[in-house]
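**Q** When you line the sequence shown up against the numbering used here, it's residues 980 to 1417, in that order.
In this text, a Cβ means the ideal position worked out from N, Cα and C, and glycines have one as well.
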Amino acid sequence: AASIKGVAGENLRKALDWLPQGRRLITVVTDCDLAGHVAGWPAVDALAFKPVDREGLLDFYARYGFNSLRKELEAELGRAASALPVAAGAAAAEPVAAGDAAPAVASPPLERRYETVFTMDALQAWIARLQAAPLAALDTETDSLDPMHARIVGISFAVQPGEAAYVPTGHDYPGAPDQLPLADVLAALQPWLEDAAAPKVGQNIKYDTHVLANHGITVRGWAHDTLLESYVFEAHRKHSLESLAERHLGRRGLSYEELCGKGVNQIGFSQVDIERATQYSGEDSEMTLQVHQTLFPRVAAVPGLLHVYRDIEMPTSAILQRIERHGVLIDPAVLQAQSHALAERMMQLEQSAYDIAGQPFNLGSPKQIGEILFNKLGLPVKKKTASGAPSTDEEVLQELAADYPLPARILEHRSLAKLKGTYTDKLPLMVNPDTGRV
């Protein structure tokens, strides 16, 4: 321990007296009498191996993300199934798809058909299907990820697996075909969108609710949200539609990056070719419907999960959407005045710090602060960083500020800089110009 330098060595030397106890605590006990310590457990000798419940194990692996073990077991089950005789006229089972929650025997792939809607007659035909459907999936394509500012580029919907429609309204690129005016599309869809008796399902419905509200429509009838279903069922997993489709359907759709690119080469959705946009958005709606049909029964099978989803998460999502929509009214002029006052006080603190230190330095630089406090002024070092340098974190500065003026100036300057940069400068920039609220 004496040869180890820095904070690690210091901590090790402090813990030398505790090491025997630590060793005892982490040692695995191999002679514990279960019958004597765990109520209801038999003695070790009475425990016996039982046949493996492979189907239950497969579900366990899928739910908790043991992907390698799941794939090994799926392969084993596939080999066992292929060794069984097949009855005359019966179709051989297909291998399981790669989704974590895919059924043991995959269903034959659907023939998918996604329609691009260019006429009001075609739109009215789909609206009739939406009104008659027991549940319809809805998705909006927009020009922004900010739900309060996003404008619609297109809308898709699906009423059954394998089929969807996409209504382009705002694609703008050389050679783009004529599209239905957005105002006409929304006017036609509004009765269904605002009908509370028309059940709808979406992926992250809060976003689509905001987007349609930007265009004056209050969506009613949201029955399900696949994002929330996934969160309730597997909170530790990813909840994007792409992840849900892979896990629960064993299929992968067209990704946003494949459609629009990424980084400096990324294009807006309005510049995407309508045929490709139809495939992407149609998949979004159709996969949302299919994910719900697969995932919701698993949520509903556990009363506790169903209660959390139906009675807590879904209502909370609606409340959060209303809170976000209403926003908070702020006064930019007052914040600007506060920001100016903070800047003046920070300048005073900087000058005072320079006078105490005998030279100017960057109050935002831990390295320069350390050089001034400990090298030039000789203040006591309270603790060190992992690299062995004197620490200038808030805890150290607060301790030093009780006896020395410069650390107190630095602490006040830090707090004001954070207040100014996080609130008084930033909040006015976040005001929605349409509402005057954040």
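Helix or strand or just coil, what does DSSP make of Ile968?
**A** Shown here, the chain extends from 980 to 1417; a query on residue 968 therefore has no answer.
**Q** Between which two residues does the beta strand (DSSP E) containing Trp1494 stretch?
**A** Here the chain has residues from 980 to 1417 only, and residue 1494 is not among them.
**Q** With 16 as the cutoff for other CB atoms within 10 Å, does Phe951 come out buried or exposed?
**A** Coverage of the chain is limited to positions 980 through 1417, which leaves residue 951 absent and any answer about it impossible.
**Q** From this set, Tyr1145, Ala1312, Leu1274, Ser1222, which residue's C-alpha is nearest Ser1264's C-alpha?
**A** Scanning Tyr1145, Ala1312, Leu1274, Ser1222 for the CA closest to the CA of Ser1264 turns up Tyr1145.
**Q** Anyone know if the C-beta pair for Ser1249 and Ser1135 falls short of 7 angstroms?
**A** no
**Q** Among residues of its own chain, excluding the 5 on either side of Arg1092, which ones have a beta-carbon nearer than 6 angstroms to its beta-carbon?
**A** Result list for Arg1092: Glu1142, in chain order.
**Q** Looking only at C-alpha atoms, which of Leu1352, Phe1340, Glu1254, Arg1003 sits nearest to Gly1133?
**A** Glu1254
**Q** Under the three-state reduction of DSSP, which class applies to Gln1327: helix, strand or coil?
**A** Of the three classes helix, strand and coil, the one that applies to Gln1327 here is helix, per DSSP.
**Q** Under 7 angstroms between the Cβ atoms of Ala972 and Ile1351?
**A** Here the chain comprises residues numbered 980 to 1417, so residue 972 is not present and cannot be evaluated.
**Q** Rounded to a whole number of angstroms, what is the C-alpha to C-alpha distance between Thr1267 and Pro1113?
**A** 15 angstroms
**Q** How is Arg1301 classed by DSSP in three states: helix, strand or coil?
**A** Judged by DSSP in its simplified three-state form, Arg1301 adopts helix.
**Q** Evaluate Val1251 with the Cβ neighbour count: other Cβ atoms within 10 Å of its Cβ, from every protein chain shown; 16 or more gives buried, anything less gives exposed.
**A** buried
**Q** Indicate the three-state DSSP secondary structure (helix, strand or coil) for Tyr944 in the structure shown.
**A** Residue 944 cannot be examined here, being either before or after the span of the chain that is shown, 980 to 1417.
**Q** Alpha carbon to alpha carbon, how far is Leu1004 from Asp1010? Give it in angstroms, no decimals.
**A** 15 angstroms
**Q** What does a CB cutoff of less than 7 angstroms around Tyr1186 pick up in its chain, not counting 5 residues either side in sequence?
**A** Pro1126
**Q** Label Thr1095 either buried or exposed according to how many other C-beta atoms from any shown protein chain fall within 10 Å of its C-beta, with 16 as the threshold for buried.
**A** So Thr1095 ends up on the buried side.
**Q** Short of 8 angstroms in beta carbon distance, which residues of its chain neighbour Leu1395, apart from the five on each side in sequence? Order them along the chain.
**A** Leu1321, Arg1324, Met1325, Leu1328
**Q** Please name the residue, chosen from Trp1201, Phe1045, Ala1368, Pro1359, that lies closest to Glu1378 on a Cα-to-Cα basis.
**A** Of the candidates Trp1201, Phe1045, Ala1368, Pro1359, the residue whose Cα lies closest to the Cα of Glu1378 is Pro1359.
**Q** Taking the alpha-carbon positions, what's the Leu1037 to Ala1167 distance?
**A** Rounded to the nearest whole angstrom, the C-alpha separation of Leu1037 and Ala1167 is 47 angstroms.
**Q** What are the residues that DSSP puts in a beta bridge with Asp1118?
**A** Ser1135
**Q** On the CB-based measure, 16 or more other CB atoms within 10 Å of its CB, does Ala1301 come out buried or exposed?
**A** A quick correction: the sequence has Arg, not Ala, at residue 1301. With fewer than 16 Cβ atoms within 10 Å of its Cβ, Arg1301 is classed as exposed.
**Q** Could you give the C-beta distance for Thr1121 and Ile1106, rounded to a whole number, given that I count them as a contact under 8 angstroms?
**A** The pair is not a contact, with the Cβ atoms about 21 angstroms apart (cut-off 8 angstroms).
**Q** My output table needs one value for Gly1035: the three-state DSSP class, helix, strand or coil.
**A** helix
**Q** Should Gln1258 and Pro1140 be called a contact, given that it needs their Cβ atoms to be closer than 7 angstroms?
**A** no
**Q** Would you check if the distance between the CB atom of Phe1353 and the CB atom of Pro1339 is smaller than 7 angstroms?
**A** At a Cβ-Cβ threshold of 7 angstroms, Phe1353 and Pro1339 do not count as neighbours.
**Q** Report buried or exposed for Gln1315, applying the criterion of at least 16 other Cβ atoms within 10 angstroms of its Cβ.
**A** A residue is called buried once 16 or more other Cβ atoms fall within 10 Å of its Cβ, and Gln1315, having fewer, is exposed.
**Q** Run through the DSSP bridge pairs and tell me what Val1146 is partnered with.
**A** Ile1134
**Q** Given 8 angstroms as the limit, is there contact between the segment 1271-1279 and the segment 1222-1242, that is, 3 or more CB pairs closer than that?
**A** yes
**Q** By a C-beta neighbour count over all protein chains shown, 10 Å radius and 16 as the cutoff for buried, is Leu998 buried or exposed?
**A** Flag for Leu998 reads exposed.
**Q** Enumerated in chain order, which unbroken segments of the beta strand (DSSP E) with a length of 3 residues or greater are wholly contained in the segment 1166-1219?
**A** 1179-1181, 1201-1204
**Q** Once the 5 residues before and after Tyr1210 are set aside, which same chain residues still bring their CB inside 6 angstroms of it?
**A** His1218
**Q** Taking its Cβ as the centre, do 16 or more other Cβ atoms sit within 10 Å of Val1307, making it buried, or is it exposed?
**A** When all chains shown are included, Val1307 counts as exposed.
**Q** Nearest CA to the CA of Lys1362: which residue from Leu1356, Lys1355, Leu1376?
**A** Leu1376
**Q** Who are Thr1095's beta bridge partners in DSSP?
**A** Thr1095 is bridged to Tyr1145.
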